[in-house]
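Asker:
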Amino acid sequence: MSSTRSSINLRVVFSSLFSFLLNKPKQQPNKTYDYTRYVSGRDYVFEFVNDLKKGYMTGQGKGIKRGDYIFLKNGSNSCRYQVEEIDYYSEPPDMWMALLCEAIVEQPEL
Numbered sequence: 265m266s267s268t269r270s271s272i273n274l275r276v277v278f279s280s281l282f283s284f285l286l287n288k289p290k291q292q293p294n295k296t297y298d299y300t301r302y303v304s305g306r307d308y309v310f311e312f313v314n315d316l317k318k319g320y321m322t323g324q325g326k327g328i329k330r331g332d333y334i335f336l337k338n339g340s341n342s343c344r345y346q347v348e349e350i351d352y353y354s355e356p357p358d359m360w361m362a363l364l365c366e367a368i369v370e371q372p373e374l
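Each residue of the sequence shown is one higher than the one before, starting from 265 at the first, in my numbering.
#1: Using only alpha-carbon positions, find the residue among Lys-329, Gln-292, Tyr-345 that is nearest to Asp-351.
#2: Taking DSSP's pairing of strands, which residues face Leu-336 in a bridge?
#3: Would you check if the distance between the CB atom of Leu-336 and the CB atom of Glu-348 is smaller than 7 Å?
#4: Starting from the C-beta of Met-265, find all residues in its chain whose C-beta is less than 7 Å away, skip the five residues before and the five after it, and write them out in chain order.
#5: Using DSSP's beta-bridge definition, name the partner residues of Ile-350.
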């Protein structure tokens, strides 16, 4: 009787594990948002903190999440930042404030 129970329990455990792995939510890849066409101070605000490699940005746009990338204009160059933290305002709902960290764009070797 006990061997029957243990085999049923193992079957239930493996079945549950298999089901979990099949239905596991897929991790969405990080998206990139291009803000180089927007004007700093008018369309968004970016304030550097400490080492100039991080900054707080306030802007508008839907769907931006932690881990995503944002391109900003820096003089004649553009810089890529990664979203470390983001909080959306309640009104308007697409306005947010995020902590960004400069992300190095890797160039392929020639």
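Every residue, glycine too, gets a C-beta built ideally from N, C-alpha and C.
Answerer: Straight from the coordinates:
#1: Mapped onto the sequence shown, residue 351 falls at position 87. Looking from the CA of Asp-351, the closest CA among Lys-329, Gln-292, Tyr-345 belongs to Lys-329.
#2: By 1-based counting over the sequence shown, the position of residue 336 is 72. Answer is Cys-343, bridged to Leu-336.
#3: Here the question's residue 336 lines up with position 72 in the sequence shown. Here the question's residue 348 lines up with position 84 in the sequence shown. No. Outside cutoff.
#4: The residue given as residue 265 occupies position 1 in the sequence shown. Its pLDDT being 48, under 50, Met-265 is placed unreliably in this model, and the coordinates cannot settle the point.
#5: As a position in the sequence shown, residue 350 is number 86, starting the count at 1. DSSP, once it has assigned bridges, lists Ala-362 as partnering Ile-350.
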